[in-house]
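Residue numbers (our numbering), protein chains in the order written: chain Y, 350 to 461; chain V, 21 to 131.
To start, the structure under review is shown below, and the notes come after it.
Quick look at the structure:
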């Protein structure tokens, strides 16, 4: 298995631009998680899905952030408009049940 | 323990020694705990987990101990190797089914 796949691995954009991060979970995993990691705040859960349905989005910072999971093999996290304080590493993780999570390599986002 | 901010607590050990990494969790109702290892430039990697009805669980070279009385979790790594150098996170799943991660401890293994 290829594991969780994220793209792009690095993204540099200017303030105000739309950013879309992509994730392909491990096949057969029913849960998908989006995390943000910064030096100041550590690893924060943004949102998670179960069987493509958003269950808990209480960690999404504000309305500029949105996440979708149109099917079992694909999810996106969108930031519109992006701001410098959104700069972080964004991880996607998947899990067969609501326990051990398998993380992707992350997307390092820099907003100038 | 854990700290928040720019400076991770660091544990330096000699290759071959045993390592003990500690974590204090916040919610006495949390029922499931995980230890993750994160190497530079990579995503966290599962090491071992434990449910709240257990006090101890062993894996290959690793042991997790859970003390619910003081809300403390520890990860013991036997015969630490240079490849063990990484940041280690504990995570708890609370009674609302939400996961929280600690800020991490950096393990530095000296050859």
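Where is the CB? At the ideal position from N, CA and C, for every residue including glycine.
Burial state of residue 99 of chain V, where buried means 16 or more other Cβ atoms lie within 10 Å: exposed
Residue 461 of chain Y burial status per 10 Å Cβ neighbour count (16 or more: buried): exposed
Residue 392 of chain Y, enclosing beta strand (DSSP E) - first and last residue: 391-399
Short Cβ contact (8 Å threshold) for residue 106 of chain V with residue 121 of chain V: Contact: no.
CB contact check: residue 21 of chain V to chain Y, cutoff 8 Å: Because residue 21 of chain V carries a pLDDT of 35, less than 50, the predicted location of this residue cannot be relied on, and the following value inherits that uncertainty. Chain Y contact via Cβ: absent.
Unbroken beta strand (DSSP E) run spanning residue 69 of chain V, endpoints: Bounds of the beta strand (DSSP E) holding residue 69 of chain V are 65-71.
Which of helix, strand or coil DSSP assigns to residue 419 of chain Y: In the three-state reduction of the DSSP assignment, residue 419 of chain Y falls in the strand class, which pools E and B.
Three or more C-beta pairs below 8 Å linking the stretch 76-86 of chain V and the stretch 441-457 of chain Y: No, the stretch 76-86 of chain V is not in contact with the stretch 441-457 of chain Y.
Spatial neighbours of residue 465 of chain Y in its chain, beta-carbon cut-off 7 Å, leaving aside the 5 residues before and after: Outside the modelled stretch of chain Y, which goes from 350 to 461, sits residue 465 of chain Y, for which no answer is possible.
Proximal residues of chain V, C-beta to C-beta of residue 333 of chain Y below 7 Å: What is shown of chain Y runs 350 to 461, which leaves residue 333 of chain Y out entirely.
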